[in-house]
Amino acid sequence: MNSTNAIKVTGPSFAVYYGCINSTVIQELNNFSWVIIDPTQVNSSQLEQIKAVKIAYLDLGELANMSLGNLTPPTNVTIGYDQQWGQYIVNVSSPAWERYVESQVNVVMNMGFQGVMFDDVDVVEQYPFTAQGVISVINWTRSHYPHAIIGINRGFAVVGNVSGMINFVLFEDYGTQVTSPDQISFTNSTCVTQETHVLKDYNLTVLALGYANTPGDVYWNTVKQLASSEGLPSFVSNWNLSVVWPQNIEG
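For the sequence shown, the numbering used here begins at 1275 and goes up steadily by one.
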């Protein structure tokens, strides 16, 4: 792609990290302008040391093993099971689940986060009736936190409904994907490119997230080259997002 170098990257440098936070990790995260982290892995003192814009990971579509404050997940809201990650899929349109997620938003914003990123929004593709719940939670978040940075992970089926309420889309599986624990494979680059162009039409910031076994390997290069060709900022990590690799490595 000879034109790649002429395409300007638009969007912030960003990291996605769901592991434990310590002083070394904080130093690594401070090399980025945005960081998406698991709020259960950080305390208020550590959060203050992170200079980047801090965005809290919250699982909207599945029952993740997260414990925030004294919040207790509601019962009788599961509608399926995600075999790959061992998590129950929830009915996002359940009023009890909506209230629970909204309470999580309150907790993380009070902790000092500047925004939230809702995960597993793709549940609407398998269970279309949950779409209204997704829209409702995002609308509530925007109305209660008008200055927050709000994003979704994928969720292409509802982007058109929420584009006016969110700031960014995290495009996970950008060139590579995790097929099972510690197993990475390629994704269809043509489909990725087509979906990227759709997202750009909504005038949203698009963040490309991919996976590799080691920095500079063939998977790494695939993600970096694909994102660069579309002018997107990219972040490549290991299969469970538990490392923060420098992103300027040439493969």
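The beta carbon of each residue, even a glycine, is placed where N, CA and C say it ideally should be.
The structure presented is a predicted model; accordingly, all values stated were derived computationally and were not measured.
Option nearest residue i by Cα separation, candidates the options
{"i": "A1289", "options": "I1329, P1313 and N1317", "result": "I1329"}
{"i": "V1518", "options": "V1283, L1303, V1379 and L1332", "result": "L1303"}
{"i": "W1308", "options": "A1326, V1299, E1322 and I1300", "result": "A1326"}
{"i": "Y1374", "options": "T1349, V1397 and G1360", "result": "T1349"}
{"i": "D1491", "options": "S1502, S1511, V1379 and L1345", "result": "S1511"}
{"i": "L1332", "options": "E1469, I1324 and L1342", "result": "L1342"}
{"i": "W1359", "options": "I1353, L1337, L1345 and N1344", "result": "L1337"}
{"i": "Q1241", "options": "G1285, I1324 and P1313", "result": "As displayed, the chain neither begins before 1275 nor continues past 1525, which places residue 1241 out of reach and without an answer."}
{"i": "H1418", "options": "Y1401, M1383 and V1299", "result": "M1383"}
7 Å CB neighbourhood of residue i in its chain, flanking five on each side removed
{"i": "N1487", "result": "I1458 and Y1493"}
{"i": "N1413", "result": "M1439"}
{"i": "E1399", "result": "A1431"}
{"i": "L1483", "result": "V1290, L1444, F1445, E1446, Y1448 and F1509"}
{"i": "T1467", "result": "E1504"}
{"i": "N1477", "result": "none"}
{"i": "N1276", "result": "The pLDDT assigned to N1276 is 37, lower than 50, so where the model puts this residue is not dependable, and the model offers no usable value."}
{"i": "S1437", "result": "Y1476 and L1478"}
{"i": "R1416", "result": "I1424 and M1439"}
{"i": "E1469", "result": "F1430"}
{"i": "P1347", "result": "L1337 and Y1374"}
Beta-carbon gap between residue i and residue j smaller than 8 Å
{"i": "V1408", "j": "V1432", "result": "yes"}
{"i": "D1456", "j": "W1513", "result": "yes"}
{"i": "V1351", "j": "N1365", "result": "yes"}
{"i": "Q1406", "j": "S1367", "result": "yes"}
{"i": "T1453", "j": "F1460", "result": "no"}
{"i": "S1516", "j": "G1354", "result": "no"}
{"i": "S1318", "j": "F1306", "result": "no"}
Cβ neighbours of residue i in the same chain (closer than 6 Å, five flanking residues each side left out)
{"i": "V1283", "result": "G1505 and P1507"}
{"i": "I1295", "result": "Q1315, V1316 and Q1320"}
{"i": "V1397", "result": "G1335, I1363 and T1404"}
{"i": "I1311", "result": "Y1291"}
{"i": "L1473", "result": "V1443 and V1480"}
{"i": "P1489", "result": "W1519 and I1523"}
{"i": "L1500", "result": "G1449 and S1463"}
{"i": "V1411", "result": "E1372 and V1375"}
For residue i, the three-state DSSP class (helix, strand or coil)
{"i": "G1425", "result": "strand"}
{"i": "L1473", "result": "helix"}
{"i": "A1338", "result": "coil"}
{"i": "W1308", "result": "strand"}
{"i": "T1404", "result": "helix"}
{"i": "N1276", "result": "Residue placement at N1276 is poorly supported in this model, since its pLDDT is 37, which falls under 50; the coordinates are not used for a value here."}
{"i": "E1372", "result": "helix"}
{"i": "Y1291", "result": "strand"}
{"i": "I1409", "result": "helix"}
{"i": "A1501", "result": "helix"}
{"i": "L1515", "result": "coil"}
{"i": "L1478", "result": "coil"}
{"i": "S1367", "result": "coil"}
{"i": "S1459", "result": "strand"}
{"i": "S1454", "result": "strand"}
{"i": "E1302", "result": "helix"}
{"i": "L1321", "result": "helix"}
{"i": "Y1493", "result": "helix"}
Other residues of its chain near residue i: CB distance less than 8 Å, five sequence neighbours each side excluded
{"i": "E1322", "result": "G1386"}
{"i": "G1434", "result": "Y1476"}
{"i": "N1441", "result": "G1389, I1423, I1424, G1425, L1478 and T1479"}
- request: Flag this pair as touching only if the region 1422 to 1431 and the region 1390 to 1400 have three or more C-beta atom pairs under 8 Å; answer yes or no.
  value: yes
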